[in-house]
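Per our numbering, numbering through the sequence shown is continuous, rising by one, with the last residue being 273. Glycine included, C-beta positions come from ideal geometry on N, C-alpha and C.
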Amino acid sequence: MGNRIIKKILEAETAQFRTNFSAISKDIFYDPEKKRIFHNGEFGSYREKIVKDFLKQLIPQRFSIGTGFIVNSIDEVSTQCDLIFYDFDQTPLIKDSQNQTFFPAETVGGIIEVKSVLNYTDFKKALNKMARNKMLRNENNLKKFKCYNSLESDSQIIGNPFNDFFSCLVCNKLTFDPFLMDSNDIYEQDIPPRYWHNLILSVDDGGLLLYRGPEMKLTPYPILPGQTLAQFFYTIKTDDLPYLEMYEFAQFLFLGLSGVNLYIPELYYYLKD
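Laid out in structure tokens, this is it:
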């Protein structure tokens with residue numbers, strides 16, 4: 001049966017989000033004479049804010065949402081991340097003279113890439129970039145830190161997906177048929193499947209890409225310890241279920257961030273030679 005109030009609120013917020021993300025943002029930054037978007041940087045930032053404001057309602061409230069770079073204790077740094085979910089209480093926010101923020105990997109729960117219309121080539125580039133940013137966090141880098149938020153009995157299990165950032169791509173539209181995607185063609189060969197995306201939301205299409213795991217259950221995780229690689233699965237809204245993809249996105253985003261293991265980022269390991 002569910003809860004009528006929660007459903008109505010999410011549906012109303014989703015309808016507004018779709019309008020803001022797909023229509024209003026483009027209307028504001030579109031030049032009809034030149035027939036193109038002007039001020040691409042501001043256009044991207046505006047869309048990121050729309051996504052950020054919408055997602056605040058869907059995530060565990062211990063997480064704040066920022067923008068910047070992720071660093072770890074072995075001198076690695078990510079490319080710039082559009083949105084970063086981080087534990088506000090445990091994260092030292094370090095900024096440089098250009099006001100760029102650097103987040104220690106240990107307290108980051110998830111990352112989101114925000115894109116506009118994606119063709120297949122740009123789609124692959126975005127996913128591989130996001131996957132490489134996820135690779136900054138693994139058991140070898142984490143074993144010297146104390147885990148303070150673990151839903152797993154052993155946070156040191158090799159391949160434990162709860163040690164990885166929960167990653168999502170949010171775009172306006174895909175210009176190719178997502179039902180024909182092949183995971184072997186999308187990701188570069190040196191990226192292990194555990195670092196693949198968790199969720200891909202195509203707002204204008206009303207579609208959500210995730211996985212179908214054992215017993216055909218939907219899951220946001222491409223692979224779990226001791227299990228085989230899950231299959232890509234694309235679900236899309238219908239006339240009867242106009243908010244289907246957003247129900248699933250909200251559910252899996254909340255559960256994914258709730259399950260991420262977080263660690264105390266001891267600065268000693270960042271400062272020692």
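Asked                                                                                                     : Found
Segment contact, 8 angstroms Cβ cut-off, at least three pairs: the region 110-122 with the region 170-186 : yes
Span separating the alpha-carbon of Tyr243 from that of Arg4                                              : 14 angstroms
Beta-carbon proximity list for Phe233, same chain, < 7 angstroms, skipping 5 on both sides                : Leu210, Tyr211, Arg212 and Leu218
Neighbour-count burial assignment, Glu245, 16 or more Cβ in a 10 Å radius                                 : buried
Gly159, DSSP secondary structure in three states                                                          : coil
Check whether Gly68 and Phe85 have beta carbons under 8 angstroms apart                                   : no
Backbone secondary structure at Asn3 - three-state DSSP                                                   : coil
Whole-angstrom C-beta distance between Ile111 and Met135, which should lie under 8 angstroms              : Rounded, the Cβ-Cβ distance is 12 angstroms, inconsistent with contact.
For Phe176, three-class secondary structure by DSSP                                                       : coil
Proximity of Thr235 and Leu208 at Cβ, strictly below 8 angstroms                                          : yes
Exposure label - Ile6; buried when at least 16 CB within 10 Å                                             : exposed
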